[in-house]
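Enquirer: Taken in order, the sequence shown gives residues 0 to 386; the numbers are from numbering that gives the first Met the number 0. Backbone N, C-alpha and C define an ideal beta-carbon position, used for all residues, glycine too. Just so you know, these numbers come straight off a predicted model, no measurement behind them. I'd like to ask you about the structure that follows.
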Amino acid sequence: MESARNSTLGKRHGVIDAIETRVIDVPIKRPHSFATSTMTTQSYLLVTVKTADGLLGYGEGVTPGGPWWGGESVETMQQMVDRYFAPALLGHSVFDLNTALAELDRCSGQSRFAKSAIEMALWDSYAKAVDSSLCRLLGGRITDGVPVRWALAGASIDGDVSEAIHFLEGGLANSFKIKGGRLSPADEVARARAITEALEGRADVLIDLNNCWDLPTALRFGPQLIDVGISVLEQPIERWNLSGLTQLKALGIPLMADESLLTPQDAIALWHHQCVDFLALKLAKSGGIQANRDIAAIARSTGLQIYFGTFMESSLGIAAFLAFAQTLPEPALGGELFGGLWLREEYVTSPVEYRNGRVYANSSLGHGMTPDKRAVERLSRRTVTTI
Ligand code: MG
0 MESARNSTLG KRHGVIDAIE TRVIDVPIKR PHSFATSTMT TQSYLLVTVK
50 TADGLLGYGE GVTPGGPWWG GESVETMQQM VDRYFAPALL GHSVFDLNTA
100 LAELDRCSGQ SRFAKSAIEM ALWDSYAKAV DSSLCRLLGG RITDGVPVRW
150 ALAGASIDGD VSEAIHFLEG GLANSFKIKG GRLSPADEVA RARAITEALE
200 GRADVLIDLN NCWDLPTALR FGPQLIDVGI SVLEQPIERW NLSGLTQLKA
250 LGIPLMADES LLTPQDAIAL WHHQCVDFLA LKLAKSGGIQ ANRDIAAIAR
300 STGLQIYFGT FMESSLGIAA FLAFAQTLPE PALGGELFGG LWLREEYVTS
350 PVEYRNGRVY ANSSLGHGMT PDKRAVERLS RRTVTTI
């Protein structure tokens with residue numbers, strides 16, 4: 000068996016001869032409100048790396064509903080991959096992953112979301128080329144699945160509370176995050192109080208303000224949020240204001256960096272300023288798995304705690320994230336990775352599973368997710384590009 004496998008591997012060269020991208024629009028179950036936008040559909044960039052000897056690797060590009068978070072959208076990602084990244088990678092072998100990743104580093108600049116999408120497809124291809132699951136390739140898992148923290152982003156407090164109880168009692172999530180920043184600060188505190196009182200003793204609740212407050216507002220209302228039972232404030236002020244975060248931390252407020260953490264160098268700066276407790280890791284904002292491994296290593300080396308954030312990936316992006324996340328000790332606050340609960344349908348054949356408040360992926364080869372051709376065709380925008 001082993002010799003037959005080695006014989007097959009020996010014949011493979013893994014040379015990339017085509018890279019296809021397509022934009023997929025997936026309806027969601029309920030409108031999802033951020034500080035600056037409301038979503039009714041989630042869009043993905045599906046990247047397929049094809050090798051001359053028949054391997055197919057899949058990657059997913061995603062943003063939270065457009066460029067407001069990081070300046071990229073699925074449309075800009077498609078342009079970057081089609082026009083710049085794909086031509087740079089054609090002719091490379093997926094067996095030489097580090098060479099391909101260095102080539103991506105050379106040509107991707109600050110387009111980290113786009114880079115993450117194609118990087119995911121390269122990792123999937125490489126794992127398949129060596130007949131391994133991606134998680135095993137990354138050293139193997141030390142946790143089975145990760146805990147799910149659901150985002151409360153509905154139109155009313157009553158709706159958020161009943162949704163939270165539904166998710167708790169259904170074993171779909173074990174903790175919650177309020178999407179803040181839309182209301183006045185006083186109303187934000189009142190909303191937080193209502194939700195934490197309804198969930199008292201049952202679930203942890205943090206709040207994500209998506210850098211909507213200025214520093215004086217955060218200094219005044221941040222302690223009030225902690226007083227009403229919020230455990231952690233995620234990114235209350237602008238990403239660049241590390242000294243402001245230091246002032247907030249001095250008030251005893253537990254803080255998480257999301258927008259302030261894009262690169263491994265950002266993680267070093269956050270540690271240097273001693274201004275946060277938690278780092279929200281996401282594949283897309285940092286350029287993929289490689290950069291997130293670097294950030295996790297910095298966290299491990301400095302005592303900062305990690306957390307797994309989300310841009311509402313589908314099962315494909317979640318499975319790739321899980322392949323990496325399960326190689327790390329379980330974070331105290333868990334993670335989000337709830338996209339599979341939020342989409343009306345999926346575009347893969349065997350989606351991730353949610354049970355006991357955790358998310359799991361079956362992944363024996365690569366990241367384990369294969370696009371469902373009929374769903375992809377039905378949900379795809381008309382533009383399909385092959386380079
Ligand atoms: Mg956030």
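For LYS372, tell me which candidate among VAL347, SER362, VAL358 and GLN78 has the shortest Cα-Cα distance.
Expert: Of the listed residues, the one whose Cα sits closest to LYS372 is VAL347.
Enquirer: Tell me whether TRP239 is buried or exposed, calling it buried when 16 or more other Cβ atoms sit within 10 Å of its Cβ.
Expert: Classification of TRP239: exposed, given that the 10 Å Cβ count is below 16.
Enquirer: Between which two residues does the beta strand (DSSP E) holding GLU59 run?
Expert: Per DSSP, GLU59 belongs to the beta strand (DSSP E) from 55-61.
Enquirer: Sort out for me which residues DSSP pairs LYS176 with in a bridge.
Expert: For LYS176, which the question treats as bridged, DSSP gives the partners ALA150 and LEU205.
Enquirer: Tell me whether the beta-carbon of ALA120 lies closer than 8 Å to the beta-carbon of VAL61.
Expert: No, they are not a contact pair.
Enquirer: Going by DSSP, name the residue or residues bridged to PHE277.
Expert: Answer by DSSP bridge pairing, in chain order: MET255 and GLN304.
Enquirer: Locate the alpha helix (DSSP H) running through SER107, then write down its first and last residues.
Expert: Start and end: 96-107.
Enquirer: If I measure Cβ to Cβ from ALA150 and keep anything under 6 Å in the same chain, skipping five residues before and after, which residues do I get?
Expert: Excluding sequence neighbours, ALA150 sits near LYS176 and LYS178.
Enquirer: Can you list, in chain order, the residues of its chain whose CB lies under 8 Å from that of SER362, leaving out five sequence neighbours each side?
Expert: Closer than 8 Å at the Cβ level, and outside the excluded window around SER362, lie SER132, LEU133, CYS134, ALA318, LEU321, ALA322 and MET368.
Enquirer: Taking the C-alpha atoms as reference points, what is the distance between LEU89 and PRO235?
Expert: Each residue's alpha carbon lies about 42 Å from the other.
Enquirer: Which one or two residues does DSSP pair with ARG357 in a beta bridge?
Expert: The partner list for ARG357 (beta bridge, DSSP) reads PRO146 and ARG354.
Enquirer: Leaving aside the five residues before and after ALA324 along the sequence, list all residues of the same chain whose C-beta is less than 7 Å from its C-beta, in chain order.
Expert: If we look at ALA324 and ignore the five residues flanking it on each side, its Cβ neighbours are VAL145, PHE307 and GLY334.
Enquirer: By Cβ distance, which residues of its chain are closer than 7 Å to LEU378, with the 5 residues on each side in sequence left out?
Expert: Cβ within range, chain order: ILE23, ASP24, VAL25 and TYR346.
Enquirer: Taking the Cβ atom as the reference point for each residue, do LEU214 and SER124 lie within a distance shorter than 8 Å?
Expert: Contact: no.
Enquirer: Starting from HIS165, trace the alpha helix (DSSP H) in both directions and tell me its first and last residue.
Expert: Its alpha helix (DSSP H) spans residues 156-168.
Enquirer: Should ARG11 be labelled buried (16 or more other beta-carbon atoms within 10 Å of its own) or exposed?
Expert: With 16 or more other Cβ atoms within 10 Å, it is buried.
Enquirer: Would you kindly report the start and end of the unbroken alpha helix (DSSP H) that includes ILE194?
Expert: Taken as a continuous stretch (DSSP letters only), the alpha helix (DSSP H) holding ILE194 covers 184-197.
Enquirer: Please report the Cβ distance between GLU74 and GLY287, rounded to the nearest whole angstrom; I am assuming they are in contact, meaning their Cβ atoms lie under 8 Å.
Expert: About 19 Å separates the two Cβ atoms, so there is no contact after all.
Enquirer: May I ask you to report which of helix, strand or coil DSSP gives ILE15?
Expert: Residue state, collapsed to three classes: strand.
Enquirer: Which residues in the same chain have their Cβ closer than 7 Å to the Cβ of LEU137, if we skip the five residues on either side of it in sequence?
Expert: Closer than 7 Å at Cβ, skipping near neighbours: ALA322, PHE323 and THR326.
Enquirer: DSSP three-state call for ARG238: helix, strand or coil?
Expert: Here ARG238 sits in coil by DSSP.
Enquirer: Is ASP207 near the ligand MG, judged by its Cβ being under 7 Å from some heavy atom?
Expert: Yes - the ligand MG has a heavy atom lying nearer than 7 Å to the Cβ of ASP207.
Enquirer: With a CB to CB cut of under 7 Å and the five nearest residues on each side skipped, what residues in its chain are close to ILE27?
Expert: These residues qualify, in order along the chain: MET38, THR39, THR40, GLN41, TRP341, LEU342 and ARG343.
Enquirer: Which whole-angstrom value describes the C-beta separation of ALA396 and GLY365, a residue pair presumed to lie in contact below a C-beta threshold of 8 Å?
Expert: Because the chain here runs from 0 to 386, residue 396 falls outside it and cannot be looked at.
Enquirer: First and last residue of the alpha helix (DSSP H) that includes MET76?
Expert: Its alpha helix (DSSP H) spans residues 73-79.
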